[in-house]
Amino acid sequence: MNKLSLLILTFALLVFFACSSHNRENGWYHVSGFPSDTIIGEALVTAKDFATAAIIKDTLVIDGNPVYQSMIQGKINPDKRQLWADGTEHLIGKRLGFVYNDSVITAPQVNARIESGAFQINSPDTTLLRKIYNSIQKNNQ
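Below is the structure:
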């Protein structure tokens, strides 16, 4: 292979890989430390593994003022709960992020093994939460 052909092939591969998207499944992933939010590895569980999901509205009081917050609360399917519990135990002290359309939406630090299969997805963007909720419901019908 001559140098020009090799150069063209290298350039084509660089363009291909730079333009390709990951298209990760929506779900919970190990996420690197703040603030980079880099997704690490494969999903611990995907949105297809959710048994339940509901939008919850909560009121917090901060400095005497009410703050209204919406979130999605849910549970992992019973057949994936052991995987969830073991995965959250492995990530104690690290961040577990919910990824939607290849973006990290929320990434709390895991402080304990979660055997119940419970999770929460938080975002100040209520329109985004509604889109995520609708996507979860559509995938789990």
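Take the sequence shown: its letter number 138 is residue 232 in my numbering, and every next letter is one higher. Glycine included, C-beta positions come from ideal geometry on N, C-alpha and C. None of the values given here were measured: they were computed from a predicted structure.
Nonlocal neighbours in the same chain, by C-beta distance under 8 Å from residue i, ignoring five residues either side
| i | result |
| --- | --- |
| Ser229 | Asn120, Ala141, Tyr194 |
| Ile134 | Tyr123, His124, Val125, Ser126 |
| Phe105 | Only weak support is given to the placement of Phe105: the predicted model assigns it a pLDDT of 45, under 50, and the value that follows is read from those uncertain coordinates. Nothing listed; no residue qualifies. |
Whole-Å CB distance - residue i paired with residue j, under 8 Å assumed
| i | j | result |
| --- | --- | --- |
| Lys75 | Tyr162 | Given a span of 95 to 235 for the chain in the structure shown, any question on residue 75 remains unanswerable. |
| Asn171 | Asp143 | 5 Å |
| Asn159 | Ile186 | Contact doesn't hold; Cβ gap of about 33 Å is too wide. |
Same chain only: Cβ atoms within 6 Å of residue i, ignoring 5 sequence neighbours per side
| i | result |
| --- | --- |
| Gln214 | Met165, Gln167 |
| Ala147 | Ile166, Gly168, Ile230 |
| Thr132 | Ser126 |
| Ala145 | Lys169, Asn171 |
| Pro218 | none |
| Asn61 | Outside the displayed range of the chain (95 to 235) lies residue 61, so it cannot be described from this structure. |
| Arg207 | Ala179, Thr182, Glu183 |
| Glu209 | Ala179 |
Nonlocal neighbours in the same chain, by C-beta distance under 7 Å from residue i, ignoring five residues either side
| i | result |
| --- | --- |
| Leu154 | Val161, Gln163 |
| Lys97 | Residue confidence for Lys97 is low, a pLDDT of 47 falling below 50, so the modelled location carries little weight; the figure read from the coordinates is stated next. For Lys97, where only same-chain residues beyond five positions count, there are no Cβ hits under 7 Å. |
For residue i, the residue or residues it bridges with in DSSP
| i | result |
| --- | --- |
| Gln214 | Gln167 |
| Gln231 | In the DSSP output, where bridge partners are listed per residue, Gln231 has none listed. |
| Thr200 | Phe192 |
| Ile133 | Val125 |
Q. Would you call the segment 217 to 231 and the segment 180 to 187 in contact, with 3 or more CB pairs under 8 Å?
A. no
Q: Please confirm if the segment 123 to 131 is in contact with the segment 188 to 202, defined as three or more CB-CB distances below 8 Å between the two stretches.
A: yes
**Q.** Runs of beta strand (DSSP E) lying entirely within the segment 139 to 190, each at least 3 residues, in chain order
**A.** 144 to 156, 159 to 170
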